[in-house]
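Some notes on the structure that comes next.
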Amino acid sequence: MLEKALEDVDLVVHTAGPFQREAECAVLRAAISTKTAYIDVCDDMDYSWRAKAFHEEAKAQGVPAITTAGIYPGVSNVMAAELVSAARSEDGEPERLRFFYYTAGSGGAGPTILATSFLLLGEDVIAYNKGEEIKLKPYSGVLNIDFGKGVRKRDVYLLNLPEVKSAHKFLGVPTVSARFGTAPFFWNWGMEAFAKFLPVVCILPSSQLSLYEVPPFKLTLLF
22 MLEKALEDVD LVVHTAGPFQ REAECAVLRA AISTKTAYID VCDDMDYSWR AKAFHEEAKA
82 QGVPAITTAG IYPGVSNVMA AELVSAARSE DGEPERLRFF YYTAGSGGAG PTILATSFLL
142 LGEDVIAYNK GEEIKLKPYS GVLNIDFGKG VRKRDVYLLN LPEVKSAHKF LGVPTVSARF
202 GTAPFFWNWG MEAFAKFLPV VCILPSSQLS LYEVPPFKLT LLF
């Protein structure tokens, strides 16, 4: 069905998230099969690395394919690469790279970004410390970060985001982590509580259950 939909299409832009818990890169596979250029806005570590596994196949078919090409990850990766390049051009060697994100509510992106954040509460956070991969608890390690005029200081928490692994692997920075925060502030308290006290089975609904039927998520959407 996907292959049929991509007939006579020059480019497919895959934005149908959340990408968390997607076992197959079905759209990417169909794009390669039909020789259709592909871009996605994936923000899930596992999915992004599954997509990268199609590199040689896409290359052999002559299909341009870009994963994690949204704002974060995506533009944030380009900014990080630019910073690392600038440091090395001055004979410096970056030892630590930290991503900090702050979005008020859904940031205008609708409920999908909330769904993504909620699903990430059920994943261990992958980070890197002096070259060693470490696992941390989701929505832990709070830091108060100054985002500048307008936004000012905001609390941000650890989440399992794909730019951490890619920055470590491809930019060669030994210590990397990513943190996220939202507003109103009590959303952060709720998400922190979900991550700490609810069993994973409550955070991660089965494939037969719509995410929007999970009570904590329904409560979040009401604010």
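Residue numbers for the sequence shown follow the working numbering, so the first one is 22 and each next one is one higher.
Heads up, the beta-carbon is just placed ideally off N, CA and C, and yes, glycines get one too.
Residue range of the alpha helix (DSSP H) that residue i falls in?
| i | result |
| --- | --- |
| V185 | P183 to L192 |
| F218 | F206 to F218 |
| K25 | L23 to A26 |
| D67 | M66 to K73 |
| V3 | Look at the range of the chain in this structure, 22 to 244, and you will see that residue 3 is not part of it. |
| K80 | H76 to Q82 |
| A51 | A47 to S54 |
How big is the Cα-Cα spacing for residue i and residue j?
| i | j | result |
| --- | --- | --- |
| K190 | E184 | 10 Å |
| Y149 | T89 | 20 Å |
| L180 | Q82 | 35 Å |
| I92 | F40 | 15 Å |
| A214 | E77 | 42 Å |
| C46 | A37 | 12 Å |
| L232 | T137 | Only weak support is given to the placement of L232: the predicted model assigns it a pLDDT of 47, under 50, and the value that follows is read from those uncertain coordinates. Near 10 Å, if we compare the C-alpha coordinates of T137 and L232. |
Going by beta carbon distance, what residues of the same chain come within less than 7 Å of residue i, once the five residues before and after it are set aside?
| i | result |
| --- | --- |
| A102 | L192 |
| T55 | E24, L27 and E28 |
| N209 | D176, Y178, G202 and T203 |
In its own chain, which residues sit with a C-beta less than 8 Å from the C-beta of residue i, not counting the 5 before and 5 after it?
| i | result |
| --- | --- |
| E43 | D65 and Y68 |
| D145 | K156, L157, K158, P159 and N181 |
| W70 | P183 and K186 |
Cutting at 6 Å between CB atoms, please list the residues of its own chain near residue i, excluding the five before and the five after it.
| i | result |
| --- | --- |
| I60 | V34, I87 and A90 |
| A125 | A204 |
| V105 | P115 and L192 |
| R6 | In the structure as shown, the chain starts at 22 and stops at 244, and residue 6 therefore has no counterpart that could be examined. |
| A216 | L142, P159 and Y160 |
| A188 | A101, L118, V194 and V197 |
What is the residue span of the beta strand (DSSP E) that residue i lies within?
| i | result |
| --- | --- |
| L32 | L32 to H35 |
| V245 | The structure shown has nothing for residue 245, since the chain only spans 22 to 244. |
| R173 | Note, R173: premise wrong, no beta strand (DSSP E); not H, not E. |
| L164 | L164 to D167 |
Below 7 Å, is the gap between the Cβ of residue i and the nearest heavy atom of the ligand FMN?
| i | result |
| --- | --- |
| Q41 | The ligand FMN is not part of the structure shown, which contains no ligands of any sort. |
Can the beta-carbon of residue i be found less than 8 Å from the beta-carbon of residue j?
| i | j | result |
| --- | --- | --- |
| V84 | I53 | yes |
| F173 | F121 | A quick correction: the sequence has Arg, not Phe, at residue 173. The answer is no: Cβ separation not under 8 Å. |
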